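All residue numbers for the sequence shown refer to our numbering, where the first residue is 6 and numbers rise by one.
Glycine included, C-beta positions come from ideal geometry on N, C-alpha and C.
In this text the structure is predicted, and so the values were computed from the model without any measurement.
Beneath this line is the structure, given in structure tokens, with notes to follow.
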Amino acid sequence: MQHFSKENIDALARRYKNNLINSISGYKSANLIGTKNKAGNTNLAVFNSVVHLGSNPALLGFILRPTTVPRHSYQNMKETGVFTINHISKDQIEDAHHSSAKYAEDISEFDQTNLEAEYKANCLAPFVKGAPVQIACRYVNDYLIKENDTLLVVGAIEHLFVQEEMLLEDGYVQLDKGEVVTVNGIDGYALPQLLARFPYARPKE
Ligand SMILES: Cc1cc2nc3c(=O)[nH]c(=O)nc-3n(C[C@H](O)[C@H](O)[C@H](O)COP(=O)(O)O)c2cc1C
């Protein structure tokens, strides 16, 4: 096995280190966050850090890079209080990835890609049309991670839309039925397949 000590890692070339550390934590969620500012400009950006924070209340979180440069999604959700989280399906990966390009505030990623905005459930923020899972969230709070100046942004789930064939009888959302992708690193997209589900694990007798 190849071994990297902290000293080796610190000394790596920037691009190599970014690839290594971005991919080492494992497969990550792949989401498009949709927002709109008060002036009516829409914004869409890909995120690979959306995590489950708790079911009751239903909370999601994501990590925002340091706000040393304008972060439009974050600005908009703070301004309006709402954002959408949309899962990315296999046929959307190229456009989803392109949404990470640094466009000016008044240029919408919806106009620069084939991704289309969809409005419903009285949500001011745009959903991504055709996304297999669409979630409307209310911005709740954010917490500074002082070690690297990132923020953990907390959102409360207000509406969920799930493609019917993905939603099982017990409430489980089977993502592979909607060809929902995952992110490997910062630029690699993969299509996982469910292998098995297991009952609640208990200690052996
Ligand atoms: C695969 C992928 C995952 C990303 N995940 C995040 C993330 O979790 N947090 C973040 O702040 N930026 C992330 N980015 C970068 C944002 O997509 C990028 O900064 C984007 O321009 C932000 O748009 P905004 O300023 O319009 O909000 C990611 C980029 C890619 C390509």
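Legend entry - Under 8 Å between C-beta atoms of residue 139 and residue 166: Your numbering for residue 139 matches position 134 in the sequence shown. Your numbering for residue 166 matches position 161 in the sequence shown. Contact flag set, yes.
Legend entry - Proximity test, residue 48 beta-carbon vs ligand 1 heavy atom, cut-off 7 Å: Here residue 48 refers to the residue found at position 43 when the sequence shown is read from its first residue. Yes, Cβ of residue 48 sits closer than 7 Å to a heavy atom of ligand 1.
Legend entry - When 18, 88, 46 are compared against residue 36, the one with the closest alpha-carbon: Your numbering for residue 36 matches position 31 in the sequence shown. With distances taken between Cα atoms, residue 36 lies closest to 88.
Inset, instruction - Kindly indicate which three-state DSSP category residue 76 falls into: helix, strand or coil? - result: By one-based count along the sequence shown, residue 76 stands at place 71. Here DSSP, grouped into helix, strand and coil, assigns residue 76 to coil.
Legend entry - Cα-Cα separation, residue 199 to residue 110: Mapped onto the sequence shown, residue 199 falls at position 194. Mapped onto the sequence shown, residue 110 falls at position 105. Annotation: residue 199 to residue 110 spans about 39 Å, alpha carbon to alpha carbon.
Legend entry - Beta-bridge pairing of residue 33 - partner residues as DSSP gives them: Counting from one through the sequence shown, the residue named residue 33 turns up at place 28. Looking at the DSSP output, residue 33 shares a beta bridge with 188.
Legend entry - Start-to-end residues for the beta strand (DSSP E) that takes in residue 150: Numbered from its first residue, the sequence shown carries residue 150 at position 145. 138 to 150 is the span of the beta strand (DSSP E), which, as asked, contains residue 150.
Legend entry - 6 Å CB neighbourhood of residue 101 in its chain, flanking five on each side removed: Residue 101 sits at position 96 when you count from the first residue of the sequence shown. Listed in chain order, the non-local C-beta contacts of residue 101 below 6 Å within the same chain comprise 37, 51, 93, local neighbours out to five positions each way being set aside.
Legend entry - Distance cut-off 7 Å: residue 32 Cβ against heavy atoms of ligand 3: Ligands displayed in this structure: ligand 1; ligand 3 is not among them.
Inset, instruction - Could you pull out every residue in the same chain whose Cβ sits closer than 6 Å to the Cβ of residue 121, ignoring the five residues on either side in sequence? - result: Start at 1 with the first residue of the sequence shown, and residue 121 comes out as number 116. Within the same chain, residue 121 has close Cβ partners 134.
Inset, instruction - Provide the residue span of the alpha helix (DSSP H) that contains residue 98, from first to last. - result: As a working mapping, residue 98 is identified with position 93 in the sequence shown. Unbroken alpha helix (DSSP H) run through residue 98: 98 to 103.
Legend entry - Residues that residue 90 bridges to, as DSSP identifies them: For this step, residue 90 is matched to residue 85 along the sequence shown. Looking at the DSSP output, residue 90 sits in a beta bridge with 38, 140.
Legend entry - Three-state class that DSSP yields for residue 48 in the structure shown: As a position in the sequence shown, residue 48 is number 43, starting the count at 1. Residue state for residue 48 is assigned as strand, using DSSP reduced to three classes.
Legend entry - Rounded separation between residue 19 and residue 112 - CA only: As a first step, residue 19 is located in the sequence shown; it is residue number 14 there, counting from the start. As a first step, residue 112 is located in the sequence shown; it is residue number 107 there, counting from the start. Looking at the two C-alpha atoms, the distance is approximately 30 Å.
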